[in-house]
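Reading through the structure tokens given below for one structure.
Residue numbers (UniProt numbering), protein chains in the order written: chain Z, 1 to 77; chain Y, 1 to 580.
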């Protein structure tokens, strides 16, 4: 069966202006229990690659520059 | 390079003691094993990252089962937990926990984790349980993981993050030989030979589907997909009382605790839509959950946590804990809904089902030394069968497991396993990556968990269970023959679905076996509505025998702390009676 891509609004938002992943930081990617954050090949900034979030906060709490914001996933907001 | 590209690889390492799971019990087990023998190699394997993994990823607001001299005795605690579990308890392990946990509290204190003290410098313990006083708040509970991590680094524990263990290895004579794992970023496989293995892999928290429909909006840390239960099962270990599900009272939709353990001691309480109390005690037991469930359905629901009658300063104090520790997005959630605790009560609902001895009584069967039924294999924390463990139980029993496992490793050499077992496992793990076309893991997972909700959630109806087992078997066939994983991250999810499916099968099998009702809502069978002490005052042990799922009875060990006849049903009296 063919696969379709599925649109979803993701709960973790990264402020590219504050994110220092392009300088080698990977803190948010490292601490996520669900392993859903990645560094983008295109922008060299962190982003949420998979919508599988426990809205638990380590990414936001541990980010050294305050670039990460965890929102409540839309379905349970 | 494409995202999470699959790399073909297989390597092998060895260690004396392998601890799988770096949440709560795991770090303590690893630490104690290493301190027992600093020359030995201890590996701590973690699917996520030890810094922030497990149920206490963002800390914990308090100890819910602290047996502190002057407030409670090990005898009292053992009695309370026995009664709360309808008598089906091997008291030896509970009593040992109760005796040891104070030492662990002092040790955690020495790690820099602070507990609430009164003006005299004594621990300020609060009453939440039905009978005794065991709840100790943690004012800087958000620091737990960091404090633990410092200890692990200091002791030079070898930490391997982002490796998911998939199967255990055994020798032909049945002794533990190690484990097989997969890197969650590359899909490279790693075989770890070990003289002893400790499973600390948390609850089966992705078994039921939350009512929000968001698959990862679970009560438990969503990384806890029940891998430990599945691994123990396939290794031939026995699992106890899996029919005693975990179901918890939570903030509706948010699916985290409201939390009466924190707010109750300040005067908050659980109320119905008339604002009236209907339960005697907010401690999470199956009997309490049954009353909660009945109230939700009675027309007097929804159920609320009521705080608005408290002084605004008190509410601010409660908020500062609830919105900072354990599940800190609680504040954001309430803000989004426009709920202010000063003017509005917190709407609650019941959680999806799961396995978790942290709050119930099921799990991989262990004795009072945290030994499973497989020689050299240990289990601790939410996945091991010591009931009502909570965080302190994970630490205390993790400690027991670490010490005993190191003793085992010191007196045994590596067990030999069959190389063919690794090859078979490699084929199983990689199978979803070899298919060109098929069903992605998220769809198989959603369907499986939706079936769990439709057919396995209490009240348990035999006819529904029979149908549920058929539907799950169809989903399993799809999973085994058609599931695809297009990158290493999808493979992680594909492996987790296989754990979830195994846990669903075990939940169904165990529930059908026990032909009575027990533990309130946790095992309420409409076809057998009464507690049947004559035939079912026993544990049930589920295991894989000759490739088939099998259940058997196991006698409850003689009590260490006797329970008087008039105490046995104290937890059955949860509903507040109308008084004249």
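In this text, a Cβ means the ideal position worked out from N, Cα and C, and glycines have one as well.
How many angstroms separate the CA atom of residue i from the CA atom of residue j?
i: residue 46 of chain Z; j: residue 37 of chain Z; result: 7 Å
i: residue 580 of chain Y; j: residue 243 of chain Y; result: Confidence at residue 580 of chain Y is low in this model, with a pLDDT of 43, below 50, so the placement of that residue is unreliable and no value is reported for it.
i: residue 254 of chain Y; j: residue 327 of chain Y; result: 10 Å
i: residue 299 of chain Y; j: residue 249 of chain Y; result: 18 Å
i: residue 234 of chain Y; j: residue 481 of chain Y; result: 19 Å
i: residue 8 of chain Z; j: residue 442 of chain Y; result: 14 Å
i: residue 64 of chain Z; j: residue 40 of chain Z; result: 18 Å
i: residue 211 of chain Y; j: residue 251 of chain Y; result: 12 Å
i: residue 519 of chain Y; j: residue 13 of chain Z; result: 43 Å
i: residue 34 of chain Y; j: residue 282 of chain Y; result: 39 Å
i: residue 177 of chain Y; j: residue 195 of chain Y; result: 6 Å
i: residue 447 of chain Y; j: residue 454 of chain Y; result: 10 Å
i: residue 392 of chain Y; j: residue 122 of chain Y; result: 19 Å
i: residue 477 of chain Y; j: residue 24 of chain Y; result: 35 Å
i: residue 581 of chain Y; j: residue 523 of chain Y; result: Given that chain Y is displayed from residue 1 to residue 580, the structure contains no residue 581 of chain Y and the question cannot be resolved.
i: residue 50 of chain Z; j: residue 180 of chain Y; result: 26 Å
i: residue 396 of chain Y; j: residue 91 of chain Y; result: 15 Å
i: residue 7 of chain Y; j: residue 498 of chain Y; result: 21 Å
i: residue 394 of chain Y; j: residue 273 of chain Y; result: 36 Å
Which chain Z residues sit within Cβ distance under 7 Å of residue i?
i: residue 254 of chain Y; result: 76
i: residue 212 of chain Y; result: 75, 76
i: residue 333 of chain Y; result: 72
i: residue 329 of chain Y; result: 55, 57, 70, 72
If residue i and residue j are in contact, beta carbons under 8 Å, what's the gap, nearest whole angstrom?
i: residue 266 of chain Y; j: residue 310 of chain Y; result: 6 Å
i: residue 51 of chain Y; j: residue 126 of chain Y; result: Not confirmed; about 30 Å, so no contact.
i: residue 215 of chain Y; j: residue 209 of chain Y; result: 7 Å
i: residue 164 of chain Y; j: residue 492 of chain Y; result: 6 Å
i: residue 197 of chain Y; j: residue 18 of chain Y; result: 5 Å
i: residue 231 of chain Y; j: residue 190 of chain Y; result: Not confirmed; about 15 Å, so no contact.
i: residue 30 of chain Z; j: residue 49 of chain Y; result: 6 Å
i: residue 467 of chain Y; j: residue 509 of chain Y; result: Their Cβ separation, rounded to whole angstroms, is 15 Å, which puts residue 467 of chain Y and residue 509 of chain Y out of contact at 8 Å.
i: residue 526 of chain Y; j: residue 459 of chain Y; result: 5 Å
i: residue 174 of chain Y; j: residue 544 of chain Y; result: So it is not a contact: roughly 13 Å between Cβ atoms.
Where DSSP assigns a beta bridge to residue i, which residues make up the other side?
i: residue 562 of chain Y; result: In the DSSP output, where bridge partners are listed per residue, residue 562 of chain Y has none listed.
i: residue 378 of chain Y; result: Y:198, Y:371
i: residue 552 of chain Y; result: Y:541
i: residue 240 of chain Y; result: Y:363, Y:541
i: residue 246 of chain Y; result: Y:354
i: residue 306 of chain Y; result: Y:269
i: residue 279 of chain Y; result: Y:575
i: residue 13 of chain Z; result: Z:69
i: residue 164 of chain Y; result: Y:182
i: residue 204 of chain Y; result: Y:225, Y:355
i: residue 347 of chain Y; result: Y:304
i: residue 62 of chain Y; result: Y:137
i: residue 339 of chain Y; result: Note: residue 339 of chain Y sits in no beta bridge, so no partner.
So residue i contacts chain Z; which residues on that side make the cut at Cβ distance below 9 Å?
i: residue 51 of chain Y; result: 30, 31, 58, 62
Let me know if residue i comes out buried or exposed under the rule of 16 or more other beta-carbons within 10 Å of its beta-carbon.
i: residue 213 of chain Y; result: exposed
i: residue 546 of chain Y; result: exposed
i: residue 576 of chain Y; result: exposed
i: residue 60 of chain Y; result: buried
i: residue 23 of chain Z; result: exposed
i: residue 287 of chain Y; result: buried
i: residue 346 of chain Y; result: buried
i: residue 66 of chain Z; result: exposed
i: residue 569 of chain Y; result: exposed
i: residue 335 of chain Y; result: exposed
i: residue 535 of chain Y; result: exposed
i: residue 4 of chain Z; result: exposed
i: residue 28 of chain Y; result: buried
i: residue 424 of chain Y; result: exposed
i: residue 120 of chain Y; result: exposed
i: residue 5 of chain Y; result: exposed
i: residue 185 of chain Y; result: buried
i: residue 170 of chain Y; result: buried
i: residue 582 of chain Y; result: With chain Y represented from 1 up to 580, any question about residue 582 of chain Y goes unanswered, as that position is not in the structure.
i: residue 411 of chain Y; result: exposed
i: residue 47 of chain Y; result: buried
Could you list which residues in chain Y have their beta carbon closer than 8 Å to that of residue i, in chain order?
i: residue 3 of chain Z; result: 440
For residue i, which residues in chain Y fall below 9 Å Cβ to Cβ?
i: residue 46 of chain Z; result: Here the premise fails: no neighbours, minimum Cβ distance about 13 Å.
Which chain Y residues are close to residue i, counting only those with a beta carbon under 7 Å from its beta carbon?
i: residue 49 of chain Z; result: 3
i: residue 34 of chain Z; result: 216, 222, 223
Which residues in chain Z have a C-beta closer than 8 Å to the C-beta of residue i? List them in chain order.
i: residue 217 of chain Y; result: 54, 55, 73, 75, 76
Using a Cβ-based criterion (distance less than 7 Å to any ligand heavy atom), does residue i qualify as near the ligand NAD?
i: residue 141 of chain Y; result: Ligands are entirely absent from the displayed structure, and the ligand NAD is therefore not among its contents.
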